[in-house]
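Trainee:
Okay, structure coming up:
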């Protein structure tokens with residue numbers, strides 16, 4: 022019925038908690054596939070010890086040469102032979118009841134190819150503090166008409182939408198060809214393909230807003246260190262997937278967001294470095310979105326100031 026696929030890489034601190042959660046899923050015929058992507062820490066050893074101690078009969082474990090998360094996701098999809106599949110990172114914690122509920126909803130709606138459940142985010146330092154991953158913007162996005170979402174996929178996509186909060190019908194993933202091996206970004210790129218192919222809420226896909234499917238671990242990150250890579254990854258994906266008429270506009274918006282992020286960190290020079298190789302069209306849209314963001318900031322600031330002054 023369900024295959025849980027766990028791509029693992031250098032998560033020795035978290036992998037056991039994730040495996041225990043996966044083994045707790047109470048569905049007949051559930052299978053678990055763990056794929057170690059060439060970890061350089063003790064992740065592989067921890068998994069082997071877990072399997073030896075627990076002796077789970079429904080777990081397959083394989084180790085491969087490092088090739089990135091997309092290669093692990095595709096390999097897991099190829100290995101799966103159940104009707105439903107669920108992917109969860111080796112540092113996140115699935116919620117058994119939510120996963121089971123999404124499977125049941127998909128069984129009740131045979132035309133639906135995926136079910137997005139809720140998620141909560143947390144940090145290892147404060148695991149008791151959990152924040153909802155999805156909000157009103159996500160609900161509006163999920164409820165859009167197919168025609169409206171064409172542009173929104175590239176211009177108003179509510180980040181993030183998590184693979185690990187979603188149960189997929191395996192046939193749907195196969196119908197869109199799985200993950201594009203040329204693209205580094207795994208979640209956004211797949212949801213572009215799925216929402217394009219299966220666009221209608223409550224027919225093609227489901228949103229189970231009350232069912233928490235995953236506890237999403239957020240790590241402390243050096244944003245400055247990653248900002249140029251983040252921009253490169255999104256630019257790469259847009260180059261392969263965005264319609265020609267939307268590419269420059271979408272890239273201009275992403276450029277404005279990342280540039281402002283660099284400026285806020287006091288790294289204006291790094292922000293300026295993002296412009297290298299960017300088309301004139303994208304730069305024009307960058308100016309448009311930059312002005313829009315700055316104007317919006319001043320409007321919000323003025324509104325708050327007025328409320329403080331006049332009560």
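In this note's numbering, the protein residues as written are 22 to 332. Every residue, glycine too, gets a C-beta built ideally from N, C-alpha and C.
#1: Please state the DSSP three-state secondary structure of residue 120.
#2: Taking 7 Å as the limit between beta carbons, can you name the residues of its chain near residue 222, skipping five residues before and five after?
#3: How is the beta strand (DSSP E) around residue 27 delimited, first residue to last?
#4: Between the alpha carbons of residue 142 and residue 240, how many angstroms are there, rounded?
#5: Below 7 Å between beta carbons: does that hold for residue 23 and residue 103?
#6: By a C-beta neighbour count over all protein chains shown, 10 Å radius and 16 as the cutoff for buried, is residue 243 buried or exposed?
#7: If you run the structure through DSSP and keep just helix, strand and coil, what is residue 35?
#8: Out of 306, 68, 121, 310, point me to the one whose CA is closest to residue 233's CA.
#9: Restricting to Cα atoms, I'd like to know which of 172, 178, 145 is closest to residue 160.
#10: Straight-line CA distance for residue 83 to residue 47?
#11: Run through DSSP, which three-state label would residue 224 get?
#12: So if DSSP puts residue 153 in a beta bridge, which residue, or which two residues, is it bridged to?
#13: Around the Cβ of residue 146, are there at least 16 other Cβ atoms within 10 angstroms (buried) or fewer (exposed)?
#14: With the cut-off set at 7 Å, would you say residue 112 and residue 32 are in Cβ contact?
#15: Express the C-alpha separation of residue 139 and residue 278 in angstroms, rounding to a whole number.
#16: Using a 10 Å radius around the Cβ and a threshold of 16 neighbouring Cβ atoms, would you call residue 144 buried or exposed?
#17: For the alpha helix (DSSP H) containing residue 175, name the first residue and the last one.
#18: The alpha helix (DSSP H) that contains residue 54, what's its start and end?
#19: Buried or exposed: where does residue 62 fall if 16 or more other Cβ atoms within 10 Å of its Cβ makes it buried?
#20: With a threshold of 8 Å on Cβ separation, who are the neighbours of residue 254 within its own chain once the five nearest residues in sequence on each side are excluded?
#21: Report yes if the CB atom of residue 54 is closer than 7 Å to the CB atom of residue 26, and no otherwise.
#22: Under 7 Å, do residue 224 and residue 117 count as touching if we go by C-beta distance?
#23: Are residue 106 and residue 28 close, meaning C-beta to C-beta below 7 Å?
#24: Just to confirm before moving on: does the CB-CB distance between residue 220 and residue 303 stay below 7 Å?
#25: Would you identify the three-state DSSP class for residue 239, choosing helix, strand or coil?
#26: Going by beta carbon distance, what residues of the same chain come within less than 8 Å of residue 64, once the five residues before and after it are set aside?
#27: What does the alpha-carbon distance come out to for the pair residue 96 and residue 79?
#28: What residue does the alpha helix (DSSP H) around residue 293 start on, and which one ends it?
#29: How would you label residue 259, buried or exposed, when you count the other beta carbons within 10 angstroms and need 16 or more for buried?
#30: Quick one: grab the DSSP three-state call for residue 61.
#31: Ordered along the chain, which non-local residues of its own chain (more than five positions away) have a Cβ less than 8 Å from that of residue 216?
Mentor: In terms of the structure at hand:
#1: helix
#2: 163, 164, 228
#3: 23–29
#4: 10 Å
#5: yes
#6: For residue 243, the predicted structure reports a pLDDT of 42, less than 50, and the residue's modelled location is therefore unreliable. A value from the coordinates is still provided. The residue is exposed, with fewer than 16 neighbouring Cβ atoms inside 10 Å.
#7: coil
#8: 121
#9: 178
#10: 23 Å
#11: coil
#12: 141
#13: exposed
#14: yes
#15: 26 Å
#16: exposed
#17: 167–176
#18: Per DSSP, residue 54 belongs to no alpha helix (DSSP H); it is in the beta strand (DSSP E), 52–57.
#19: exposed
#20: 205, 206
#21: yes
#22: no
#23: no
#24: no
#25: coil
#26: 29, 30, 31, 32, 33, 36, 57, 111
#27: 18 Å
#28: 289–294
#29: buried
#30: coil
#31: 170, 174, 226
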